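*Asks:* No gaps in the numbering here: position 148 of the sequence shown is 148 in UniProt numbering, and each next residue is one more. Ideal Cβ placement from N, Cα and C applies to all residues, glycine included. Predicted, not measured: the structure shown is a model, and the values here were computed from it.
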Amino acid sequence: MNEFDDDRLRDLAPLIAFDAVDEVERARILREVSAADDAARRAFEAELAAARETLARFSDATATDPPPPLRGRILAALDEEAREDGAASVRQGARRHPRLRSAVVAAAAAVVLGVGGVIGYAVANRSEAPTPTQAEQVFAAPDVRTTTGAVAGGEATVTYSPSAGEGVLVMNDVPPPAPGSIYQMWLIGPDGPRLAGTMSDADVAPSTTAVITDMGGATAVAFTVGSAATPDKMVSDPVAQLPLR
Numbered sequence: 001m002n003e004f005d006d007d008r009l010r011d012l013a014p015l016i017a018f019d020a021v022d023e024v025e026r027a028r029i030l031r032e033v034s035a036a037d038d039a040a041r042r043a044f045e046a047e048l049a050a051a052r053e054t055l056a057r058f059s060d061a062t063a064t065d066p067p068p069p070l071r072g073r074i075l076a077a078l079d080e081e082a083r084e085d086g087a088a089s090v091r092q093g094a095r096r097h098p099r100l101r102s103a104v105v106a107a108a109a110a111v112v113l114g115v116g117g118v119i120g121y122a123v124a125n126r127s128e129a130p131t132p133t134q135a136e137q138v139f140a141a142p143d144v145r146t147t148t149g150a151v152a153g154g155e156a157t158v159t160y161s162p163s164a165g166e167g168v169l170v171m172n173d174v175p176p177p178a179p180g181s182i183y184q185m186w187l188i189g190p191d192g193p194r195l196a197g198t199m200s201d202a203d204v205a206p207s208t209t210a211v212i213t214d215m216g217g218a219t220a221v222a223f224t225v226g227s228a229a230t231p232d233k234m235v236s237d238p239v240a241q242l243p244l245r
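#1: What are the boundary residues of the alpha helix (DSSP H) that includes residue 220?
#2: Apart from the five residues on each side of it in sequence, which residues of its chain come closer than 6 Å, Cβ to Cβ, to residue 213?
#3: Can you give me the Cβ contacts of residue 237 inside the same chain, cut-off strictly under 8 Å, excluding the 5 residues immediately before and after it?
#4: Rounded to whole angstroms, what's the CA-CA distance from residue 158 to residue 190? Just pull it up for me.
#5: Looking at the structure shown, is residue 34 part of a helix, part of a strand, or coil, going by DSSP?
#6: Roughly how many whole angstroms lie between the Cα atoms of residue 243 and residue 172?
#7: With a cut-off of 8 Å, do at least 3 Cβ pairs link the segment 41 to 50 to the segment 134 to 143?
#8: Only counting the same chain, and skipping five residues up and downstream in sequence, which positions put a Cβ closer than 8 Å to that of residue 193?
#9: Classify residue 8: buried if its beta carbon has 16 or more other beta carbons within 10 angstroms, exposed otherwise.
#10: By Cβ distance below 6 Å, which residues in the same chain neighbour residue 148 in space, the five residues on each side in sequence not counted?
#11: So, under 8 Å CB-CB, residue 201 and residue 176 are touching, yes? Tell me the CB distance rounded to an integer number of Å.
#12: Would you list the one or two residues that DSSP bridges to residue 185?
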């Protein structure tokens, strides 16, 4: 996969984060991610996590499905960017076009969240006044590492930095827990497990991202199914455990 394909793949991450594509398009994008090299996958996951962090900041907005014509315009804009980047490689040594990319991402965010200029400005101006999110800092760390495993029929990947003590969880195709139940994420260390977070059925999407903090000393990330009534209690054996090396 060349540089322009890597960039285009990264630009598709917000469409996944904001559920701005249908299931067929989503599956195609995730197949491209699976077939990409490690650097491209990490770039995609970093962008996906950053987009979800932006979404979380505006969680009180009501999400709506983007109309198909607009979805098509967003994807067409990405195709235009790929063509422009290809031409730019001859003229300028493979320079990207952040203005167009930002406009595409802003369009996706504005449509899905329905808050127009507010969210559009927040996303589009990230390249003009970059303030790295926690997720971006993790992926940029010199000691970044990745561990992947199966969880409840889907896949979970934790990308983490031992020096920063933080990580990013990306779950794909993990089904939501049953109503009244939750997924619990535990950091396993020498002093036993400690709760890192919980997810209800409303929190789990086809692609779900979360930032993990205070990972110092942890040797594994474990997932259990617990009760929403007692979210801080481990009441079952882990359904999956990912080693942290």
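*Replies:* Walking through what the data contain:
#1: Judged by DSSP secondary structure, residue 220 falls outside any alpha helix (DSSP H) and instead within the beta strand (DSSP E) spanning 220 to 227.
#2: Only 166 meet the Cβ criterion.
#3: Excluding positions up to five away in sequence, the list reads 224.
#4: Taking C-alpha positions only, residue 158 is separated from residue 190 by approximately 20 Å.
#5: When secondary structure is reduced to three states using DSSP, residue 34 falls in the helix class.
#6: Spanning the two alpha carbons is a distance of roughly 18 Å.
#7: Judged by Cβ distances under 8 Å, the segment 41 to 50 makes contact with the segment 134 to 143, as three or more pairs qualify.
#8: Non-local C-beta neighbours of residue 193 in its own chain, meaning closer than 8 Å and more than five positions away in sequence, comprise 186, 187, 222, 234, ordered along the chain.
#9: It counts as buried.
#10: Excluding positions up to five away in sequence, the list reads 157.
#11: Rounded to the nearest angstrom, the Cβ distance from residue 201 to residue 176 is 4 Å, consistent with a contact under 8 Å.
#12: For residue 185, which the question treats as bridged, DSSP gives the partners 197, 223.
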